[in-house]
Amino acid sequence: MLTEKSASWKFELETPELGNPEAVTSFHAETDTEQLDSILYDGLEFTFEGPVIVDAEARWADSDLAVSLRISAVFSAPCSRCLEPSRIEILDDFLYLYSLRKKTSAEEASAEEDFHVVPVSRWQRFFDISDHVWESIVISLPRKVLCSADCEGLCPQCGRPLRNGGCGCSPKEVDPRMEKLLGITIEETPE
Ligand SMILES: [Zn+2]
Ligand SMILES: [Zn+2]
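Our numbering applies: residue 566 is where the sequence shown begins, and numbers increase by one.
So, in structure tokens, the structure goes:
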């Protein structure tokens, strides 16, 4: 389940002068976080804690348009083990290549390279990169959120977080029928 980008999510970049390899266009944008719903992704809810900062730059690479994106954002999401709200910062660079080439060859290229090829039908004065900014953010989100690497999760008896010396429950209070179950380690998906 993934939240769709909101209607107010709009980023457009001006096309650099055609045929001029020196031409560069760019923008710096900060979103109004109040207008953004949290992102539901992979069973986790990521709430925006500040503006999304987007820096984009476009220049010609032969006949394709290379767009570099730098995206920075801060989220809050519940720790996967103890459910405490945890702060997540993302800062990532992405490269998109907008190309007039046919879609089939573009798909082959993107499977091998560390940039994404986006087929376009023609060059316009401005082009919409909203989807790719959104995609870049979602790709950057962690698959697992931990408040700290050694978070011990919740007490199986009282349900309170075990951090900071625990909750005071005595292990002896465990129902003997539960003891076997407590020995089981839950397998976690590798990072
Ligand atoms: Zn935790
Ligand atoms: Zn407890």
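Note that CB positions come from ideal geometry on N, CA and C, so glycine has one too.
Excluding the 5 residues preceding and the 5 following L601 in the sequence, name in chain order all residues of the same chain whose CB lies nearer than 7 Å to its CB.
For the purposes of this step, residue 601 is taken as the residue at position 36 of the sequence shown. Excluding residues up to 5 positions away in sequence, S571 and F613 lie with their Cβ nearer than 7 Å to the Cβ of L601 in the same chain.
Could you check the C-alpha separation between T590 and I604 for me, to the nearest Å?
Reading the sequence shown from its first residue, position 25 is the one you call residue 590. Reading the sequence shown from its first residue, position 39 is the one you call residue 604. T590 and I604: Cα-Cα distance of roughly 30 Å.
Assuming C732 and C716 form a contact by the criterion Cβ under 8 Å, report the distance between their Cβ atoms to the nearest whole angstrom.
Within the sequence shown, residue 732 is the residue found at index 167, counting from 1. Within the sequence shown, residue 716 is the residue found at index 151, counting from 1. Wrong, their Cβ atoms sit about 14 Å apart, outside the cutoff.
Measure the C-alpha to C-alpha separation of V703 and K709 and round it to an integer number of angstroms.
Along the sequence shown, read from residue 1 onward, the residue named residue 703 stands at position 138. Along the sequence shown, read from residue 1 onward, the residue named residue 709 stands at position 144. Straight-line Cα distance between these residues: approximately 13 Å.
Roughly how many whole angstroms lie between the Cα atoms of A621 and W574?
Translated into positions along the sequence shown, residue 621 becomes position 56. Translated into positions along the sequence shown, residue 574 becomes position 9. Spanning the two alpha carbons is a distance of roughly 15 Å.
Could you check the C-alpha separation between T598 and G615 for me, to the nearest Å?
Residue 598 sits at position 33 when you count from the first residue of the sequence shown. Residue 615 sits at position 50 when you count from the first residue of the sequence shown. Straight-line Cα distance between these residues: approximately 6 Å.
I'd like the list of long-range same chain contacts for S637, defined as Cβ closer than 6 Å, with 5 residues on each side in sequence excluded.
Residue numbering aside, residue 637 sits at position 72 when the sequence shown is read from its first letter. I618 and L656, listed in sequence order.
Inter-residue spacing [alpha-carbon to alpha-carbon] between S701 and D658
For this step, residue 701 is matched to residue 136 along the sequence shown. For this step, residue 658 is matched to residue 93 along the sequence shown. Taking the straight line from one Cα to the other gives about 9 Å.
Span of the beta strand (DSSP E), counted from its first residue to its last, around E622
Taking the sequence shown and counting its residues from 1, the one referred to as residue 622 is at position 57. Counting along the chain, the beta strand (DSSP E) containing E622 begins and ends at I618 to A626.
Tell me whether P650 is buried or exposed, calling it buried when 16 or more other Cβ atoms sit within 10 Å of its Cβ.
Taking the sequence shown and counting its residues from 1, the one referred to as residue 650 is at position 85. Exposed: under 16 other Cβ atoms inside 10 Å.
Quick one: is the Cβ of C734 within less than 7 Å of any heavy atom of ligand 2?
Position 169 of the sequence shown, counting from 1, holds the residue named residue 734. Under cutoff, so the answer is yes.
Answer yes or no: the CB of L711 versus the heavy atoms of ligand 1, is any distance below 7 Å?
Taking the sequence shown and counting its residues from 1, the one referred to as residue 711 is at position 146. Yes, since a heavy atom of ligand 1 falls inside the 7 Å radius drawn around the Cβ of L711.
Classify S695 as helix, strand or coil using the three-state DSSP reduction.
Taking the sequence shown and counting its residues from 1, one reaches residue 695 at position 130. Three-state DSSP puts S695 in a helix.
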